[in-house]
Amino acid sequence: MIDRVEIYVKAGDGGNGVVSFRREKFVPFGGPDGGDGGNGGSVYLVGDESESTLLSFRYRKQFHAEKGVHGKGKNMHGKRGEDLFIKVPLGTQVRLKAENGPSILIADIVEQGQQVLVAKGGKGGRGNTHFATSTNQAPRTAEKGKPGEEKRLLLDLKLIADVGIIGSPNAGKSTLLSAVSKARPKIADYPFTTLEPVLGVVGIGYGSFVLADIPGIIEGAHEGRGLGLDFLRHIERTKALIHLVDGSSEDPVSDYRKVEAELVSYEAALKERPRIIAVNKIDLPHVRDRMPELERKFTEPGVPVHFISAATGEGVRELMSKAWDLVSKVPRLSTGKEEAEFKVFRPRPLSSKKAGKQGE
Ligand SMILES: Nc1nc2c(ncn2[C@@H]2O[C@H](COP(=O)(O)OP(=O)(O)OP(=O)(O)O)[C@@H](O)[C@H]2O)c(=O)[nH]1
Ligand SMILES: [Mg+2]
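The sequence shown begins at 688 in this note's numbering and counts up one residue at a time.
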């Protein structure tokens, strides 16, 4: 999954103004008539819900908006350069890359049609008509167009899921997602089947929420073991977590603790995220037999424990409605990390601009 890219954007330069004089037959002194250069086009990023990854940026990383056309004689102004609208998926965070020092978060694109100006087009230069004065009626000066802004941007996609399923490999996370949604993640009896987060929409009669299945987490993941923890950024914004435990594992409680410890080493704020523990695979007789013992052992204050079988569906509906309860109570959370570190600028949407053209 392409979820972090660096791109270069360059707004169009303004067209030059020109020096020109009226030359007409029988008019001995023609005045200045140099037109202005057109403004350069600006570059905008636009939130688009039909985009779900940053894949389109894999091969295309440079974007230029059109230049303004130079002015001409006879007071002809140059055409302004077209603005460039680059579509990005919802959940894209935009950072301005600084030469040295940390990059600055400039926008968080979360709404359909949300537009963010990332590089402003250069202003067109004025033609010599503007420089005529009473003492200089034949000015030989005109302005050059200003260069368009250029920026290096880091785009970072953080999926917008309401609930994330975390757990060790093979716990049955993907099986659970496919049991409750139309998503069809790969399922197999070996660890690290899921390599990239998969989202599914869970409808539960009176509402729906987005559930994210993410790769398995093992001890030492924060040091890069297994698939690491990078993918956890996709659940940073969830409202609640389902911690799915493999009931058939040797020591489910220890598995649980290891995953929780990794989670906290990734981001301490995730510890506070409302969550449910779900012990999976109770269709297996030896797991069913352990239910009372596990119920006793999983006693985290305020964290309910559910017993399910993602394979047969037992207990799954109850789990989902419990998750929905949490989701509907909690406003969307973020880690708080970035908001504290960076000021977030949210430019007002420009409703007059149309999100159309992608590319140059
Ligand atoms: N008996 C039983 N097997 C299950 C159940 N849920 C999942 N499994 C099996 O457990 C294995 C792992 O399932 P997955 O859904 O791929 O597990 P996962 O947590 O997504 O695993 P990773 O993506 O590798 O982290 C598969 O062989 C599933 O068929 C269940 O409720 N009962
Ligand atoms: Mg999986």
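Note that beta-carbon positions come from the ideal geometry of N, C-alpha and C, so glycine has one too.
Beta-carbon proximity list for residue i, same chain, < 8 Å, skipping 5 on both sides
| i | result |
| --- | --- |
| K748 | V692, E693, I694 and Y695 |
| A790 | Going by the sequence as given, residue 790 is Ser instead of Ala. Here the set comprises R782, L783, K784 and L841. |
| K1009 | I963, P991 and H993 |
| R912 | I905 and E906 |
For residue i, the nearest candidate out of the options (CA to CA)
| i | options | result |
| --- | --- | --- |
| E1005 | V1017, K1016 and P991 | P991 |
| P979 | G934, R962 and V1014 | G934 |
| S677 | D723, D690 and H757 | This structure cannot settle anything about residue 677, because the visible part of the chain is limited to 688 through 1047. |
| E1054 | S790, L950 and H751 | Outside the modelled stretch of the chain, which goes from 688 to 1047, sits residue 1054, for which no answer is possible. |
| L840 | Q780, K712, M763 and F879 | Q780 |
| S1015 | E736, D849, R709 and R782 | D849 |
| L844 | A870, K754, V889 and A794 | A794 |
| S952 | P961, N857, I904 and G755 | I904 |
| L771 | T862, S868, G1002 and G699 | G699 |
| E769 | E987, E753, G788 and V775 | E753 |
| V756 | R745, K774 and G809 | G809 |
| G859 | V932, N823 and H909 | V932 |
| V1017 | E987, R962 and L971 | R962 |
| K838 | S729, H909, A825 and L981 | S729 |
| D938 | L981, P872 and A956 | L981 |
| P834 | V775, K958, G727 and S868 | G727 |
Contacts around residue i, its chain only, beta-carbon distance under 6 Å, and the 5 residues preceding and following it disregarded
| i | result |
| --- | --- |
| S707 | D720, G721 and G760 |
| E830 | G704, G812 and R813 |
| L916 | A908, H909 and Y953 |
| I874 | S861 and T862 |
Alpha-carbon to alpha-carbon, residue j and residue i
| i | j | result |
| --- | --- | --- |
| A948 | A998 | 28 Å |
| T820 | G702 | 23 Å |
| V974 | D876 | 17 Å |
| S739 | V885 | 11 Å |
| I852 | K945 | 15 Å |
| L777 | Q801 | 9 Å |
| F750 | K697 | 6 Å |
| G725 | E798 | 32 Å |
| I773 | F918 | 25 Å |
| A870 | D723 | 56 Å |
| R745 | S737 | 17 Å |
| R767 | N823 | 29 Å |
| L864 | P878 | 16 Å |
| A908 | Y943 | 14 Å |
| V803 | P972 | 56 Å |
| S936 | G788 | 46 Å |
| T986 | K958 | 16 Å |
| V775 | G989 | 38 Å |
| L1013 | H764 | 60 Å |
Under 8 Å between C-beta atoms of residue i and residue j
| i | j | result |
| --- | --- | --- |
| L807 | E836 | The sequence given here places Lys at residue 807; Leu does not occur at that position. It is a contact, given that the beta carbons lie within the stated cut-off. |
| L846 | A899 | yes |
| I995 | A965 | yes |
| P856 | L882 | no |
| R1049 | T925 | Outside the displayed span of the chain (688 to 1047) sits residue 1049, for which this structure offers no information. |
| T816 | N762 | yes |
| I796 | G758 | no |
Cut-off 7 Å between Cβ atoms - residues of its own chain near residue i, not counting five sequence neighbours on either side
| i | result |
| --- | --- |
| W1011 | I891, G894 and F896 |
| K712 | none |
| P826 | P719, N815, F818 and A819 |
| P872 | S861, L864, S865, T881, V885 and D900 |
| D970 | S996, A998, T999 and E1001 |
| R1019 | Any answer about R1019 is weak, because its pLDDT of 49 lies below 50 and its placement is not dependable; what the coordinates show is given next. Closer than 7 Å at the Cβ level, and outside the excluded window around R1019, lie R924 and K926. |
| S868 | G887, V888, V889 and L898 |
Residue-level contact to chain D via CB, residue i, 8 Å cutoff
| i | result |
| --- | --- |
| F985 | Looking at the structure shown, chain D is missing, and only one protein chain is on hand. |
Presumed contact (8 Å Cβ cut-off) between residue i and residue j, rounded CB distance
| i | j | result |
| --- | --- | --- |
| V805 | L741 | Not quite, the Cβ-Cβ distance comes to about 15 Å (not below 8 Å), so this is no contact. |
| H1117 | G832 | The chain is shown from 688 up to 1047; residue 1117 falls before or after that span and cannot be answered. |
| A866 | G1000 | 6 Å |
| K968 | V940 | Not a contact, Cβ separation roughly 15 Å. |
| R710 | G718 | The pair is not a contact, with the Cβ atoms about 11 Å apart (cut-off 8 Å). |
| M1007 | V889 | 6 Å |
Any non-hydrogen atom of ligand 3 within 7 Å of residue i CB
| i | result |
| --- | --- |
| S935 | This structure lacks ligand 3; its bound ligands are ligand 1 and ligand 2. |
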